[in-house]
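Working notes, structure below.
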Amino acid sequence: MKFPFKIVISMMLLLLVACQPQPDHVKESGNQPDIYPDYVGVTVPAEIAPLNFAMTDEAVDWICVTVEGSKGGQVTSAGEDTDFDIDEWHQLLSKNKGGHLTVSVTARKEKQWTRYKSFRIYINPKPLGEWGITYRRIAPGYSMYGLMGIWQRCLSNFEEIPLLKTSQIPGMCVNCHTNSSTHPGQSVFHVRGAHGATVIQRQGQTELLKAKNDTLGGSMVYPSWHPGGRYIAFSTNKTAQSFHMGNPKLIEVYDNSSDVFVYDTETQTILRDSLIMTAAWSENCPTFSPDGRWLYFTTALQRTYPQEFQKQRYNLCRVAFDERTGKLGQEVDTLIRADSMKKSVTWPRLSTDGRYVMYSLINYGYFSVWHPEADLWLLDLKTGETRPMSEVNSTRSESLHEWSANGHWFLFTSRRDDGLYTRLYFSSFDKNGKATKPFMLPQRHPKRYYRELMDSYNTPDFTIHKIPANPQEMGRAIESDQRIETHTKLMK
Amino acid sequence: MTAREQSQLWLCSIDYLGIRLSEPGGLARYIGEFFVQFYYYILWGAIITALLVLAMIWLWWLVVYRIWKYHRGTLCPLWLYFVSLIPLIFLWLSLRDINVQMTLPMAVCLTLLCSLLIPKQGKGTFPTTIVLMLVDWWLAGPVCILLPLFAPWSLFSQQRPAIGKGLLRMGLLAVLLTGVILIYAPHSNRPLRDIFAGIDYKVQDGFIGVAEEQQYDLLVHLGLWERLLAVAQENPPQKRSCHYAVLLAQWQQWNTGEGELRQCIRDTWGALSSCCSSFLMSDLYLKLGWVNMSQRAAYEALVSFPNYNYSGRALKRLTETSLITGRYELVKKYALMLEQAPFYRSWAQEALHMAEHPELIEQNVNCRYLRQTYNMTPDAMFY
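Chains as they are written, first to last, in numbering that gives the first Met the number 0: chain A, 0 to 491; chain B, 0 to 382.
Here it is as structure tokens:
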């Protein structure tokens with residue numbers, strides 16, 4: 000009985016293939032195809048999910064694509080867009096590590112076939128070394144909380160799993176999910192709203208801290224884990240927002256004041272230090288160096304908002320940190336005096352080897368997502384040189400970057416797609432401090448997916464393995480209102 | 000009707016159907032949204048509501064007639080007369096509360112329909128009820144628990160009416176449904192209480208907007224300034240957005256200076272408190288030529304629906320403001336979504352055409368005026 004069944008299936012498949020349009024009377028084009036997402040000349044890790052794409056031209060109704068490896072192997076796909084088989088794709092990429100793929104596209108538009116000049120995709124021999132990424136997805140609302148959530152996404156396929164959606168905790172907001180060196184066993188995120196909390200996951204335990212500490216006078220906002228896993232540096236911000244009436248920029252998110260402190264997860268104590276909690280200056284965006292000996296942060300002379308919104312400019316600073324005592328050093332070093340350049344530094348992140356600081360540079364303020372001029376810059380701590388990363392920047396906002404644990408890759412968000420919705424991009428980074436052309440987070444049908452997606456990607460981070468998710472349990476814990484009270488200790 | 004229609008966007012796409020069917024009660028929600036889209040036009044809305052009432056009465060009659068035939072001679076006709084009024088009362092109660100979604104009446108209709116599939120006799124009656132109840136749970140939600148009551152022979156036998164046995168069967172069905180919900184809950188992104196109470200049967204109070212906000216929103220949207228002022232004269236507005244609407248109406252009637260109005264409504268604090276008030280403010284700002292503020296209010300409206308629906312009206316406004324500010328990629332994004340909604344399709348196609356040919360924007364009197372105003376608006380901050 001099985002034999003005829005197989006024949007029937009095979010015949011049906013043959014019929015299906017026979018029904019697909021086949022290129023004929025093909026016109027040659029001397030140009031490379033305009034595809035979405037732009038994967039022309041990008042460098043990818045061998046583990047990455049299939050780079051499916053479509054033609055940007057809406058009038059193209061069918062494409063036939065062949066991808067050949069420089070070291071052998073081939074995959075093909077045909078349709079309105081490509082939909083490569085995931086297993087075949089991975090076989091091709093693993094065979095061609097260190098080599099490249101040649102992509103040939105033949106497209107049909109108004110019954111006329113055109114063969115485009117082939118383009119290359121380079122496969123970096125350096126592994127990604129991560130299972131996937133975590134991020135928040137949020138629609139661009141300003142005061143009201145809609146549906147948002149913290150998600151994890153596998154980078155080898157298209158699996159996307161919610162860790163917590165606000166449908167689980169209606170009327171609340173979740174944000175800033177941050178792993179410790181991409182290890183999700185140690186992570187932190189915030190919940191705002193009626194059942195606000197700072198949720199810390201550490202050593203298999205989940206702790207829900209009271210959202211606001213009375214002594215601190217605010218909540219814990221932007222976090223960074225110490226590599227030792229005991230401490231987390233936080234900023235505490237009195238954030239507000241104003242809206243532009245006649246400006247291409249829509250909104251300015253700013254702080255009326257902010258400070259930085261270190262939180263000890265073992266004693267649940269906030270370690271306050273007057274060096275990074277000053278009255279006249281606003282400290283922000285803390286991040287520990289990979290060796291844990293330095294705490295980097297930004298600081299600006301606090302201005303009056305909203306009148307002086309264009310005058311608040313942040314510099315990049317650092318202070319020594321002693322893991323054994325939890326104490327900061329005596330002096331603050333200023334690494335970049337951005338205010339003297341009439342610029343502002345935000346979101347500093349150190350490369351895994353500790354040599355480079357990647358940061359966003361904007362004209363003023365710190366909330367780079369809403370600044371179209373925001374670009375990624377790189378500071379070489381060895382030479383002191385700093386430069387714009389023109390390899391990855393666009394004319395629109397680039398921000399919220401993070402390094403992979405092995406330091407060979409980084410991700411960032413950009414609004415280059417449509418100017419409003421932030422999308423995720425990845426780039427490799429070599430030992431000479433050069434990045435490659437970034438590629439957009441792959442999707443099975445990217446053109447349709449991104450067009451219909453009404454959310455922005457926010458605070459993305461790598462994760463080395465899949466996170467066991469139990470949104471129901473997390474939702475119940477958040478709604479329980481059982482919170483741990485934090486203590487404060489004045490260090491100096 | 001307007002408030003209902005603007006709080007959703009029914010899309011004619013397989014993906015949208017798939018999204019709806021991925022949750023219990025999804026088909027009822029999908030059908031409910033399908034009918035509510037007709038509220039875009041008042042006349043269509045009235046016709047659809049009337050047809051809905053007829054359909055429900057007809058379904059109810061089929062069910063009651065089956066029960067009456069089964070218990071031939073034992074049921075009083077007068078009792079049946081009163082029973083026949085139940086669907087009317089139910090629908091009236093459902094539709095007069097803006098927070099009760101059309102999903103609930105549709106869920107009841109689907110359950111009535113399922114009950115007609117339960118055979119009246121034979122050994123398979125109870126097992127069929129179990130299967131149908133589970134199918135109905137996925138399609139209509141927890142209202143499915145009423146299914147055996149619409150086919151009482153699945154619980155009680157006419158020959159030997161044993162109340163105990165009937166109650167036992169009912170209890171068994173309730174336990175079974177509870178078990179299925181508890182097994183399903185960890186895989187859902189909804190709190191357990193929502194799954195038990197029915198996803199999208201009723202949304203949280205206050206988010207869509209109170210009656211006052213709905214009324215003022217409609218009056219501003221239609222530009223009925225005299226009527227708005229008369230309403231305000233009778234009952235002074237309580238909500239800040241409604242107060243702003245009165246100021247706008249006074250300005251339209253030359254009773255308030257523009258400067259005073261503009262200074263006052265720059266402060267959005269407390270004015271964007273619900274979907275209706277966000278819509279109202281978005282209209283109000285656009286009438287003054289404040290495109291960025293109108294857009295901001297539309298974004299608030301878009302994310303403020305407690306059932307996380309998209310809104311045709313909000314997307315339309317975002318498309319308009321993006322056209323004016325020259326963000327054509329966004330026009331394309333929003334208009335392509337609106338194009339999938341039958342009542343917005345032609346408008347969306349026009350917007351797409353304008354985005355592809357920006358020179359047409361200048362030829363449109365309203366767009367040209369708004370673009371000129373936008374370009375000349377000096378930058379200032381609003382809150």
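Even for Gly, the Cβ is constructed at its ideal location relative to N, Cα and C.
Contact between the region 237-248 of chain B and the region 269-284 of chain B: three or more CB pairs below 8 Å?
yes
Would a check of beta-carbon distances place Ser-166 of chain A closer than 9 Å to chain B?
Translated into positions along the first sequence, residue 166 of chain A becomes position 167. Chain B contact via Cβ: present.
Would you mind telling me which residues of chain A sit closer than 9 Å to Tyr-307 of chain B, beta carbon to beta carbon, in chain order?
In the second sequence, counting from the first residue as 1, residue 307 of chain B sits at position 308. In chain order: Gly-145, Leu-146, Thr-165, Ser-166.
Between which two residues does the alpha helix (DSSP H) holding Ile-30 of chain B run?
Counting from one through the second sequence, the residue named residue 30 of chain B turns up at place 31. Unbroken alpha helix (DSSP H) run through Ile-30 of chain B: 25-35.
3-residue-minimum beta strand (DSSP E) runs that sit fully inside the region 22-81 of chain A, ordered along the chain:
42-44, 59-68, 73-78
Beta carbon proximity, Ala-138 of chain A to chain B, threshold 9 Å
Along the first sequence, one-based indexing puts residue 138 of chain A at 139. Answer yes: the Cβ-Cβ gap between Ala-138 of chain A and chain B drops below 9 Å somewhere.
Supposed close pair Thr-102 of chain B, Gly-24 of chain B - CB separation, criterion 8 Å
Position 103 of the second sequence, counted from the start, is the residue given in the question as residue 102 of chain B. Position 25 of the second sequence, counted from the start, is the residue given in the question as residue 24 of chain B. Indeed they touch by this definition, with Cβ atoms about 6 Å apart.
Could you round the C-beta distance between Ser-93 of chain A and Thr-65 of chain A to whole angstroms and report it? I think they count as a contact, below 8 Å.
Position 94 of the first sequence, counting from 1, holds the residue named residue 93 of chain A. Position 66 of the first sequence, counting from 1, holds the residue named residue 65 of chain A. So it is not a contact: roughly 19 Å between Cβ atoms.
Cα-Cα separation between Glu-27 of chain A and Phe-409 of chain A, rounded to whole angstroms:
One-based indexing of the first sequence puts residue 27 of chain A at position 28. One-based indexing of the first sequence puts residue 409 of chain A at position 410. Each residue's Cα considered, the two are about 37 Å apart.
Contiguous beta strand (DSSP E) assignments of at least 3 residues, all confined to the region 187-228 of chain A:
196-201, 204-209, 222-224
Which residue marks the beginning of the beta strand (DSSP E) containing Ala-239 of chain A, and which one marks its end?
Within the first sequence, numbered from 1, the residue matching residue 239 of chain A stands at position 240. Counting along the chain, the beta strand (DSSP E) containing Ala-239 of chain A begins and ends at 230-243.
Along the region 465-477 of chain A, what residues have a CB closer than 9 Å to any CB found in chain B?
Asn-469, Pro-470, Gln-471, Glu-472, Gly-474, Arg-475
So Phe-206 of chain B and Cys-274 of chain B are supposed to be a Cβ contact under 8 Å. How far apart are they, rounded?
In the second sequence, the residue the question calls residue 206 of chain B occupies position 207. In the second sequence, the residue the question calls residue 274 of chain B occupies position 275. Between Cys-274 of chain B and Phe-206 of chain B the Cβ distance is about 6 Å, and since that is below 8 Å, they are a contact.
Extent of the continuous beta strand (DSSP E) to which Gly-328 of chain A belongs:
As a first step, residue 328 of chain A must be located in the first sequence, where it is residue number 329. From DSSP, the beta strand (DSSP E) with Gly-328 of chain A extends over 326-335.
With distances taken Cα to Cα, identify the nearest neighbour of Leu-369 of chain B among A:Gly-245, A:Val-187, A:Cys-284, A:Ile-463.
Here the question's residue 369 of chain B lines up with position 370 in the second sequence. Answer by Cα proximity: A:Gly-245.
Any beta carbon from chain A within less than 9 Å of Lys-315 of chain B's own beta carbon?
Your numbering for residue 315 of chain B matches position 316 in the second sequence. By this cut-off, Lys-315 of chain B is not an interface position.
Which residues does DSSP pair with Asn-174 of chain A in a beta bridge?
The count along the first sequence starts at 1 and reaches residue 174 of chain A at position 175. Answer by DSSP bridge pairing, in chain order: A:His-189.
At least one CB of chain B closer than 9 Å to the CB of Ile-275 of chain A: is that the case?
One-based indexing of the first sequence puts residue 275 of chain A at position 276. Answer no: the Cβ-Cβ gap between Ile-275 of chain A and chain B never drops below 9 Å.
Would you kindly work out how many angstroms separate the C-alpha atoms of Asn-215 of chain B and Ala-231 of chain B, rounded to a whole number?
Taking the first residue of the second sequence as 1, we reach residue 215 of chain B at position 216. Taking the first residue of the second sequence as 1, we reach residue 231 of chain B at position 232. What sits at residue 215 of chain B in the sequence shown is Tyr, not Asn. Going by the C-alpha atoms only, they are around 9 Å apart.
Using a C-beta to C-beta distance shorter than 7 Å, which residues of chain B count as neighbours of Pro-20 of chain A?
Numbered from 1 along the first sequence, position 21 holds the residue referred to as residue 20 of chain A. Here the premise fails: no neighbours, minimum Cβ distance about 22 Å.
So is Ile-361 of chain A in contact with chain B if we call contact Cβ pairs under 9 Å?
By one-based count along the first sequence, residue 361 of chain A stands at place 362. Not closer than 9 Å to any Cβ of chain B, the Cβ of Ile-361 of chain A fails to qualify, so no.
Going by alpha carbons, who is nearest to Leu-489 of chain A out of A:Asp-272, A:Lys-430, A:Ala-476, A:Met-143?
Start at 1 with the first residue of the first sequence, and residue 489 of chain A comes out as number 490. With distances taken between Cα atoms, Leu-489 of chain A lies closest to A:Asp-272.
When you compare the region 292-311 of chain B with the region 395-410 of chain A, are there three or more beta-carbon pairs, one atom per stretch, that lie closer than 8 Å?
no
Residues of the region 436-468 of chain A whose Cβ lies closer than 8 Å to any Cβ of chain B, in chain order:
Arg-450, Glu-451, Met-453
Any chain A beta carbon closer than 9 Å to Pro-185 of chain B:
Residue numbering aside, residue 185 of chain B sits at position 186 when the second sequence is read from its first letter. Closer than 9 Å to some Cβ of chain A, the Cβ of Pro-185 of chain B qualifies, so yes.
Would you mind sorting Leu-53 of chain B into buried or exposed? The rule is 16 or more other CB atoms within 10 Å of its CB.
As a position in the second sequence, residue 53 of chain B is number 54, starting the count at 1. The residue in question, Leu-53 of chain B, is exposed, as its Cβ has fewer than 16 Cβ neighbours within 10 Å.
So with CB distances below 7 Å, who are the chain A contacts of Ser-303 of chain B?
For the purposes of this step, residue 303 of chain B is taken as the residue at position 304 of the second sequence. Under the 7 Å cutoff, chain A gives Met-143, Gly-145.
Close Cβ partners of Gln-348 of chain B (< 7 Å) along its chain, the five nearest in sequence each way excluded:
Stepping through the second sequence from its first residue, residue 348 of chain B is reached at position 349. Closer than 7 Å at Cβ, skipping near neighbours: Glu-338.
Looking at chain B, which residues of the region 407-426 of chain A have a Cβ within less than 7 Å of any of its Cβ atoms?
Asp-417, Gly-418, Leu-419
How would you label Glu-109 of chain A, buried or exposed, when you count the other beta carbons within 10 angstroms and need 16 or more for buried?
Numbered from its first residue, the first sequence carries residue 109 of chain A at position 110. Counting Cβ neighbours within 10 Å, Glu-109 of chain A comes out exposed, since fewer than 16 surround it.
Rounded separation between Gly-195 of chain A and Arg-443 of chain A - CA only
Here residue 195 of chain A corresponds to residue number 196 of the first sequence, with the count starting at 1. Here residue 443 of chain A corresponds to residue number 444 of the first sequence, with the count starting at 1. When rounded, the distance between both Cα atoms is 36 Å.
Pick helix, strand or coil for Val-261 of chain A, following the three-state DSSP scheme.
Residue mapping note: residue 261 of chain A aligns to position 262 of the first sequence, counting from 1. Residue state, collapsed to three classes: strand.
Between His-24 of chain A and Cys-11 of chain B, what straight-line distance do the alpha-carbon atoms span, to the nearest angstrom?
Start at 1 with the first residue of the first sequence, and residue 24 of chain A comes out as number 25. Start at 1 with the first residue of the second sequence, and residue 11 of chain B comes out as number 12. Spanning the two alpha carbons is a distance of roughly 36 Å.
Near Thr-197 of chain A, which residues of its chain fall below 6 Å by C-beta distance, leaving aside the five closest residues on each side in sequence?
Position 198 of the first sequence, counted from the start, is the residue given in the question as residue 197 of chain A. Hits under 6 Å: His-189, Leu-208, Met-219.
Considering only residues of the same chain and omitting the five flanking positions on each side of Ser-350 of chain A, which have a CB-CB separation below 6 Å?
Against the first sequence, residue 350 of chain A aligns to sequence position 351. Excluding residues within five positions, the ones whose Cβ falls inside 6 Å are Trp-402, Gly-406.
Quick one: is Asn-246 of chain A near chain B, going by C-beta distance under 9 Å?
By 1-based counting over the first sequence, the position of residue 246 of chain A is 247. It does; some Cβ of chain B falls within 9 Å.
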